[in-house]
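Residue numbers (the numbering used here), protein chains in the order written: chain A, 1 to 215; chain B, 1001 to 1215.
See below:
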């Protein structure tokens, strides 16, 4: 059964999944990069994001690595794809990741504004879905060929999936930083009432890792 | 210098410091007791709360124990003292803790409704302060005789002290549970803007412990 998973999604101690004021120079909002210290240092992220051979093994890497296993498609919110808001002025924005994005599989981008699919190098195609989260999941599942669908974020998209109880499992990392403001992952989403529970809890020096599972 | 400290204050993964619907049978709100698993099992809590000799040593106990060191007075919100709301109907409510409360020192209870000091067995006296958080702190400092003042909570009282930058250091424990609703410690309080930072981060199997310090 193809599952819908959140992986390596990181929040601050005060609960924010991204800093405020996202723009071209702050893809994760102001202060948002501090969240991801645990991930950037891992062997998995070094390889997947930068094509580099370095990085650390260990607990953080174990969690980073599981996020890439048995994944056949991604679902992203429009703000994860880029800083453009409102109708697409043209097709010049092609994502944060250059001509060969890190995904190497189909990526379904939730947006209110239609756009033709964008075929990139290395196997990544961005599909733009205007019919909502459930429709994006249906298309992503079809494309994943029996493998799982990974939700990359952001907060708003994860919440849309959570409110419909569509997410099977979430790996959340809590970084020991304060962001002060931004988007809170758990704001307005009662995970207990939705039937989720914490099924794993372990920490490294750099982050606390929890897995929340639908019961 | 006498400091104002929060110690062993526990929040859920979704950020709540207490469950909803506090009443006589749920002093910590519905689900709130699940938060405190890490603390109840420690040697320190067994001794201080139950007068028992058992309990575990280790990291959780180290944090529980530091909370009682060099403390000369406490400050509590009125809801920590009991479930009575509004003007005191009489003086029959004498706290959750019986005739010999766990504090054994002066405790300054923030309330909008005046009440005469309540002298209990074992050295605890509850003083009721109607002039606000800063006034409660001033009186608690005077009573502490050079030692620190510990804020017991709840969320609302901690936030009042934080907004005035009166808290020097907070030990927060994050328990791997979801409460879903209740009072959020970090709601409406921008700790980063207030000049706090995480200065310690370590985890046991039962909780993640962080220390937030005023810079």
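Using N, Cα and C, we set each Cβ at its ideal position, and we do this for glycine too.
Quantities reported herein were computed from a predicted structural model and do not represent experimental measurements.
As computed with DSSP, residue 1026 of chain B is found in a beta bridge with B:1023.
The contact set of residue 1186 of chain B on chain A, defined by CB atoms closer than 7 Å, consists of 14 and 15 in chain order. Sequence-distant Cβ neighbours of residue 175 of chain A in its own chain, meaning closer than 8 Å and more than five residues away, are 10, 11, 12, 13, 34, 35, 36, 37, 38, 206 and 207.
In summary, residue 50 of chain A is exposed, with fewer than 16 beta-carbon neighbours lying within 10 Å of its beta-carbon over all protein chains present. Ranking B:1064, B:1157, B:1212 and B:1083 by CA distance to the CA of residue 1021 of chain B puts B:1083 first. Looking at the DSSP output, residue 56 of chain A shares a beta bridge with A:42. Using a Cβ distance threshold of 8 Å, residue 1195 of chain B and residue 1163 of chain B do not count as a contacting pair.
Within its own chain, the residues whose Cβ lies closer than 8 Å to the Cβ of residue 1028 of chain B, once the five positions on either side in sequence are excluded, are 1018, 1019, 1022, 1035 and 1036, listed in chain order.
Closer than 8 Å to the CB of residue 1174 of chain B there is at least one CB belonging to chain A.
With fewer than 16 other Cβ atoms inside 10 Å of its own Cβ, residue 91 of chain A counts as exposed. Minimum Cα-Cα distance from residue 1005 of chain B among the listed residues B:1042, B:1048 and B:1073 corresponds to B:1073.
Under the DSSP assignment, residue 1174 of chain B falls in the beta strand (DSSP E) whose first and last residues are 1169-1175. Selection A:62, A:56, A:25 and A:16 evaluated against residue 202 of chain A yields A:62 as nearest (Cα-Cα). At least 8 Å separates the CB of residue 195 of chain A from every CB of chain B. Counting only the Cα atoms, residue 1071 of chain B lies some 47 Å from residue 161 of chain A. Neighbours of residue 1190 of chain B in chain A, taken as residues at a C-beta separation under 7 Å, are given in chain order as 180 and 181. Along the region 43-112 of chain A, the beta strand (DSSP E) occurs as fully enclosed runs of 3 or more residues at 71-77 and 106-110, listed in sequence order. Taken through DSSP and simplified to helix, strand or coil, residue 18 of chain A comes out as strand. Only residues of its own chain outside the window of five on either side were considered, and among them 61, 64 and 65 have a CB closer than 6 Å to the CB of residue 44 of chain A, listed in chain order. With its beta carbon less than 8 Å from one in chain B, residue 208 of chain A belongs to the interface.
In the DSSP annotation of this structure, the continuous segment of the alpha helix (DSSP H) that includes residue 1159 of chain B starts and ends at 1155-1163.
Counting only residues of its own chain and dropping the five nearest sequence neighbours on each side, residue 1144 of chain B has a CB closer than 7 Å to the CB of 1002, 1072 and 1073.
Its Cα nearest to that of residue 1056 of chain B, the residue B:1042 stands out among B:1130, B:1210, B:1108 and B:1042. Put simply, the CB of residue 1036 of chain B is far from chain A, with every gap to its CB atoms at 8 Å or more. At a beta-carbon threshold of 7 Å, the residues of chain A lying near residue 1201 of chain B are 176, ordered along the chain.
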